[in-house]
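Residue numbers (UniProt numbering): 1 to 252. We put the beta carbon where it would ideally sit given N, CA and C, even for glycine. One structure is given here, and the rest of the page talks about it.
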Amino acid sequence: MVERLHTAQDRDIAYHLTPGAGPTVVFLGGFKSDMCGSKAVFLENWARDSGRAFLRFDYSGHGQSSEAFEDGCIGDWFEDAVAALGLIEGPVVLVGSSMGGWIALQIARAMPEKVAGLVGIATAPDFTEDGFWAGFSDAQKAELESAGRVAVPSEYGDPYIITKRLIEEGRARLVMRTPLPLPFAVRFLQGTADTSVTTQTAIRLLEHADSPDMRLTLVDGADHSFSDARCLPLIVSAINDVLAPAAGGAGG
């Protein structure tokens, strides 16, 4: 059954929390995705079978949570994630997919003491600036300024409505312009056939972040969803990798 959390920002966040051993694994979904996606459900089943505590949730404007998607921005979804972490006592391992990877990096920067490890799947740091804004034509930028929004084609169905607020607020959330210490084990997973996040982005993140134990795995032919039969077990392997030192040193 879906549970609900009312946040300090007056938003209602839908979530599933599976009890088990810590550190708790927390799945952070992508832009316009929800907690019922294949990766989130697969990992919940793995966690339940393994006796591992696990949390999946919907940001506001996503899935079963309150608010409209077009009213949201990166900062709102970061706040939602922080509120969801308030459900958990003790350390967490963050598993961020695409935008969720960027939000995981923000959480790690804001509260490193809470994070015992991080797994990024097709991590999309700063994508509002380096993806959307950088890719906009002059006409699209003018439309964004005058109308406050612009429609961007999506390979996943209906066009994305990108708002001026999403772009402008995202500039306060960038992680690739300043030092990014990650004082725990980190694993990044990236498909070479990903048309949303390039391998160059993944390598740039690897070179930019500072961790005592950080690795990037490139998977030939894997796409942005990273959710086929060979990719899903790789996520579990990466989680187990970062859990090993976490379980030894975080009292989990």
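query: Pull up the distance between the alpha-carbon of Phe188 and that of Ala151, whole angstroms please.; result: 30 Å
query: When you compare each of Tyr156, Ala139, Arg173, Ser137 to Gly101 by their alpha carbons, which one comes out closest?; result: Arg173
query: Determine contact between the segment 45-52 and the segment 20-27, defined as no fewer than three beta-carbon pairs at a distance below 8 Å.; result: yes
query: My guess is that Val197 and Ser98 are in contact by the Cβ rule of under 8 Å, so how many angstroms apart are they, rounded?; result: 7 Å
query: In terms of alpha-carbon separation, which member of Ala104, Val95, Gly90 lies closest to Trp77?; result: Ala104
query: To the nearest angstrom, how far is it from the Cα of Pro159 to the Cα of Asp213?; result: 39 Å
query: Looking at the structure shown, is Gly212 part of a helix, part of a strand, or coil, going by DSSP?; result: With the sequence shown as reference, residue 212 is identified as Pro, and Gly is not the correct amino acid for it. Three-state DSSP puts Pro212 in coil, outside helix and strand.
query: Give every residue of the same chain whose Cβ lies closer than 7 Å to the Cβ of residue 254, excluding the five residues on either side of it in the sequence, and list them in chain order.; result: The displayed coordinates of the chain run from 1 to 252. Any statement about residue 254 would go beyond what the structure contains.
query: By alpha-carbon positions, which one of Ile203, Ser227, Ser225 ends up nearest to Leu218?; result: Ile203
query: So, with DSSP's three-state summary, where would you put Ser237?; result: helix
query: Do you know whose CA, among Met111, Pro112, Gln106, Lys141, lies nearest Ala124's CA?; result: Gln106
query: Look at Phe57 and Ile121 and say whether their C-beta atoms are less than 7 Å apart.; result: no
query: Just tell me which of Asn45, Asp71, Phe127 has its CA closest to the CA of Gly170.; result: Phe127
query: Figure out for me which residue from Ala8, Ala14, Ile13, Ser60 has the closest Cα to the Cα of Phe31.; result: Ser60
query: So which of Ala209, Leu144, Phe132 has the shortest CA-CA distance to Ser154?; result: Phe132
query: Counting only runs of 4+ residues fully inside the segment 26-97, write out the alpha helix (DSSP H) ranges in chain order.; result: 38-50, 74-85
query: Please list the terminal residues of the continuous beta strand (DSSP E) segment that includes Asp158.; result: 157-163
query: Going by C-alpha to C-alpha distance, which of Ile161, Ala8, Tyr156, Pro181 sits closest to His224?; result: Tyr156
query: Can you name the start and end residues of the alpha helix (DSSP H) that Ser146 belongs to?; result: 138-147
query: Measure the C-alpha to C-alpha separation of Val41 and Glu143 and round it to an integer number of angstroms.; result: 38 Å
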